[in-house]
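Line order of the protein sequences matches chains A and B.
Read in order, the letters of the first sequence are residues 2 to 410 in our numbering.
Read in order, the letters of the second sequence are residues 442 to 859 in our numbering.
Built from N, CA and C at the ideal position, the CB exists for glycine as well.
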Amino acid sequence: MVRVFGEEEYSTSKDKGQREKGKSIVLFAELVYDEFMDHVKKLFRLSHPYDTAKSNDLFVKAMRENCAWHYDRCPAYRAILEREHFKPEMIQTYDDLAKIPYIPTLYFKHHELASEPDKKMILKVTSSGTSGQNQSKIGYDVYTILRDWEMVKRLFRYHKVWSLKPTHFVVFGYQPHKGNNKAIAKSSWGFTFTSPALSKDYAIRWINGDYKVDLENIEKKLIRYAKGHHQVRSLGFPAYTYFLLQEMKAHGVHVKLPKGSKMTLGGGWKQFYAQACSKQEFYDLAHEVLGLEEKDIIEFFGAVEHPIMWTTCEKHHFHVPVYARVIIRDPDTFAPLPPGKMGLINLLTPLSHAAPLTSIVTDDLGILHEEECGCGIHSPYLEIVGRVGLEDIKTCAAGAEELLKGAKS
Amino acid sequence: MILAHGQIYEESLQKSIISSLKKEIPATLEGPKLEIEKIYAAAERLYQRVLKGEFDELAAPLLAMAHLSHETFLEYAKEFSAEGLRKKVELELGKDPFSPHGISSHHFAIRRPLGVLLHIAAGNVDFLPAYSVLEGLLAGNINLLKLPSGDKGLSVKLLQELIQEEPSLSPYIYVFDVPSTEVDTLKELSHYADAVVVWGGDFAVKGVREFADPNSQIITWGHKLSFAYVDQKTSDEDLRGLAEDICLSNQMLCSSCQGLYYDGSDEKELEEFAKRFVSILSETNARMGPAALGMRAKSALAILNEKMEGRGKIFQSPGVSAIVYPDSDLLLSFLFRNVWIKPLPEEKIVEVLKPYRGYLQTCALLVEQEKRAALRERFFLAGLTRLSGPHMSLTEPGEAHDGSYALSRYTRIVDYQE
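If you want it as structure tokens, here you go:
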């Protein structure tokens with residue numbers, strides 16, 4: 002059935018209008034032909050987002066399907082598999098998942114791998130690296146976005162993010178602007194639709210053709226909203242949020258945000274390793290300044306190379322959702338490690354139709370925990386320990402490399 | 442954290458302390474002279490406390506992070522004993538550096554401090570900012586230090602201890618915590634400085650050039666790369682020494698080995714050599730214990746990526762690698778016990794390396810005695826500043842730094858006629 006949505010369907014339609022029409026046909030076809038659902042679709046429509054034990058078989062089938070799709074359509078991916086003498090049909094059991102060749106995220110920074118032609122990518126996002134050289138650029142087609150949407154819908158429902166109550170949104174990040182393709186800007190904009198918005202405030206505002214940080218405005222608004230009755234939802238980088246909370250504390254702010262208010266964090270704790278702020282300090286500060294309880298703070302994690310919305314449980318753990326699996330690998334041999342051991346994080350998901358994100362290795366170190374944390378979710382949880390390398394230390398030799406390449410850090 | 446008048450101040454007082462420099466600096470310059478013997482004595486007392494283990498707690502995490510032994514730490518500390526510092530000053534400035542030398546019967550030349558130095562320190566070695574200030578003091582200067590971002594407070598602690606040992610140093614040491622983005626404050630500080638001392642890469646230097654007062658000099662200590670030079674006859678013993686240095690330094694210093702240039706361009710010969718070196722590196726790695734997990738993980742990803750890119754011929758053993766490339770470009774390695782091996786026939790040395798002149802530092806010359814003199818000449822012509830044996834990261838007190846003596850750069854020669 003999938004082939005119906007293949008390239009040939011509108012490969013002849015050159016002008017934009019027809020292409021748009023093509024896209025709506027695809028959307029329509031997706032909705033109508035539910036019964037022809039492939040395994041990937043089934044996986045993303047499972048009712049319980051954390052029932053990994055029961056979904057293992059389906060996950061394996063979906064991975065085989067996804068691997069085969071990219072093998073057929075992306076010559077660069079096919080070459081990677083062939084070099085490792087791997088074929089998609091070799092994915093038969095759960096243990097076979099570890100044998101799928103994994104691609105380091107570093108590789109995506111220099112290669113734009115795609116399994117769909119450019120015109121089908123309705124969205125292109127870049128990772129949040131600062132220099133153009135070191136950004137991954139990854140495309141998303143309709144199929145992938147629909148799966149992503151199914152996932153977000155279920156995860157938001159599970160974590161009670163959806164709300165029908167009117168809400169003030171406060172985004173500690175970029176105001177949307179058509180020139181900004183950063184994944185983080187796209188997702189924070191999407192977030193402002195999780196409930197009816199009374200207002201949307203952005204900490205980094207697009208003013209006269211330039212982005213400007215305006216924390217003062219956010220502080221004022223938060224104080225004002227605390228006096229009202231409507232819930233407040235915030236989203237942003239932990240570092241910005243922390244910075245603002247500290248400022249507010251210094252200004253002597255102690256308020257209590259109305260019931261139903263939540264603080265959501267995404268974009269990594271990287272800056273925090275240097276500041277040596279523990280997560281607990283962060284939660285305490287949020288309580289002191291805004292009157293938020295620990296359970297009102299939700300954290301997200303994802304990457305353009307792995308567009309799965311990892312979400313923390315009420316005990317602040319990233320449990321493995323049905324849409325993905327994790328293999329922790331020994332850095333010396335890349336062999337899978339048992340739970341509880343620290344190693345490289347290999348993330349697997351059959352989500353993307355548009356790019357071979359089937360099995361990727363991030364540049365973080367992590368541990369997979371199998372013990373129950375008591376939140377009610379039974380799947381193991383992933384602890385991200387930090388970046389590979391030597392924390393905080395920039396070697397002088399490494400600095401010289403930057404110079405040789407003429408790159409700015 | 443801010444340090445002034447020998448005391449730690451709240452950051453909120455930074456502005457007023459900086460504006461008081463206008464009065465304080467001339468007062469200090471005209472006040473009692475900085476006595477170098479007092480600096481030696483204070484440093485010696487600190488060194489004795491180090492030997493007693495008083496600073497072990499502070500040093501331990503830093504040593505662990507860099508995988509350095511306690512012995513190495515004590516060896517480094519010895520450079521800061523009175524004897525170490527005296528030797529350094531004598532070597533860099535000569536005996537009796539601040540007394541007049543007669544040019545003729547009534548014409549004299551005398552070495553004087555530059556006056557005020559603003560140090561813009563890099564964050565790659567924790568005690569480096571304090572070291573830079575100490576050099577400034579030895580040359581007799583008032584020192585304003587801008588801490589690197591993410592500084593953990595070690596430098597301030599060391600400088601404060603030094604002042605406690607010798608309170609007369611207090612008007613000569615100021616430490617400020619100014620983010621690099623606060624250009625106006627940096628401008629103001631540079632306005633007081635006779636020279637701005639910058640540690641770091643071109644990016645940092647460029648930044649300083651933008652804000653520095655046109656009236657003050659800029660003294661740069663840039664990032665450098667180093668390598669070893671070998672041939673078919675290089676002994677196992679030398680390669681073992683080099684492997685030890687690679688494991689000890691994890692290739693993180695300007696003077697540590699990024700790769701090996703091979704005298705020859707035969708591909709098979711280079712690959713044979715790479716196999717031989719990887720086996721020695723692997724055995725040394727096993728003997729000295731593996732690098733930290735995060736380091737291993739980082740290089741493992743880089744090598745995996747290199748494999749996927751199909752670049753170079755990779756020779757690997759757990760935790761170590763050597764990659765043979767056909768070109769002769771000077772590059773940073775993947776660090777943490779992974780080196781590149783590239784062809785560089787003797788007659789090409791100057792031609793290939795000259796374009797990198799500003800980034801060249803050490804070459805460990807691991808060839809037979811007879812070949813060395815000619816090679817030494819070529820490497821110096823190409824722009825290297827230091828040739829060493831296999832233990833290339835170990836420096837001795839009194840060695841020049843990137844081709845010059847810091848203390849002489851921090852002073853000037855003035856003339857007068859009687």
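- Between the alpha carbons of residue 248/A and residue 220/A lies a gap of roughly 9 Å.
- For the C-beta of residue 108/A, the chain B residues within less than 9 Å are, from N- to C-terminus, 745, 746, 749 and 750.
- The Cβ atoms of residue 174/A and residue 139/A do not sit closer than 8 Å to each other.
- Against residue 581/B, chain A offers no close residue; the least beta-carbon distance is about 27 Å (beta-carbon pairs closer than 7 Å).
- In this structure residue 463/B is exposed. Its beta-carbon is surrounded by fewer than 16 other beta-carbon atoms within 10 angstroms.
- The shortest C-alpha to C-alpha distance from residue 234/A to any of 156/A, 241/A and 226/A is the one to 226/A.
- Take the alpha-carbon of residue 102/A and the one of residue 672/B: they are about 38 Å apart.
- The beta carbon of residue 345/A sits closer than 8 Å to some beta carbon of chain B.
- Contacts between residue 729/B and chain A, judged by CB atoms closer than 8 Å, are missing: the closest CB pair is about 15 Å apart.
- Unbroken alpha helix (DSSP H) stretches of 4 residues or longer found wholly inside the segment 739-810 of chain B: 790-794, given in chain order.
- Not a single C-beta of chain A is nearer than 8 Å to the C-beta of residue 442/B.
- By the neighbour-count criterion, in which a residue is buried when 16 or more other Cβ atoms sit within 10 angstroms of its Cβ, residue 116/A is buried.
- For residue 761/B against residue 719/B, the beta-carbon gap comes to about 6 Å, under 8 Å, which counts as contact.
- The beta carbons of residue 259/A and residue 232/A sit about 5 Å from each other, so the pair counts as a contact at 8 Å.
- Taking C-beta atoms under 8 Å as the contact rule, residue 559/B and residue 638/B qualify, at a distance of about 7 Å.
- Contact between the segment 327-341 of chain A and the segment 45-52 of chain A is absent: fewer than 3 CB-CB pairs across the two stretches fall below 8 Å.
- Excluding the 5 residues flanking it on each side, residue 262/A has same chain C-beta neighbours closer than 6 Å at 232 and 233, in chain order.
- Residue 156/A: member of the alpha helix (DSSP H) spanning 143-159, first to last residue.
- Boundaries of the alpha helix (DSSP H) harbouring residue 652/B: 643-652, taken from the DSSP string.
- Neighbours of residue 366/A across chain B, judged by C-beta separation under 8 Å: 734, 735 and 738.
- Note on residue 137/A: 16 or more other CB atoms within 10 angstroms of its CB, so buried under the neighbour-count rule.
- Between residue 50/A and chain B, the shortest Cβ-Cβ separation is not below 8 Å.
- Between the segment 352-371 of chain A and the segment 97-112 of chain A there are three or more inter-stretch CB-CB distances shorter than 8 Å, so the stretches are counted as touching.
- Here residue 858/B is bridged, per DSSP, to 548/B.
- Annotation for residue 384/A: the continuous beta strand (DSSP E) segment containing it runs 382-388.
- Within 8 Å of the CB of residue 760/B, the CB atoms of chain A belong to 333, in sequence order along the chain.
- Annotation for residue 264/A: the continuous beta strand (DSSP E) segment containing it runs 263-267.
- Unbroken alpha helix (DSSP H) runs of no fewer than 4 residues, entirely contained in the segment 492-543 of chain B, are found at 497-507, 511-519 and 523-534, following chain order.
- Every beta strand (DSSP E) stretch that sits fully inside the segment 584-631 of chain B and reaches 3 residues is listed by chain position as 614-617.
- Contacts with chain A at 8 Å (Cβ-Cβ) include residue 741/B.
- The Cβ atoms of residue 821/B and residue 790/B lie no closer than 8 Å to each other.
- Under the 8 Å criterion on CB atoms, residue 327/A is classed as non-interfacial with respect to chain B.
- Interface criterion not met: the Cβ of residue 174/A is under 8 Å from no Cβ in chain B.
- Ranked by Cα distance from residue 347/A, the first of 312/A, 303/A and 165/A is 303/A.
- Residues of chain B whose Cβ lies closer than 8 Å to the Cβ of residue 76/A do not exist; the shortest such Cβ separation is about 14 Å.
- Counting only residues of its own chain and dropping the five nearest sequence neighbours on each side, residue 160/A has a CB closer than 7 Å to the CB of 299 and 312.
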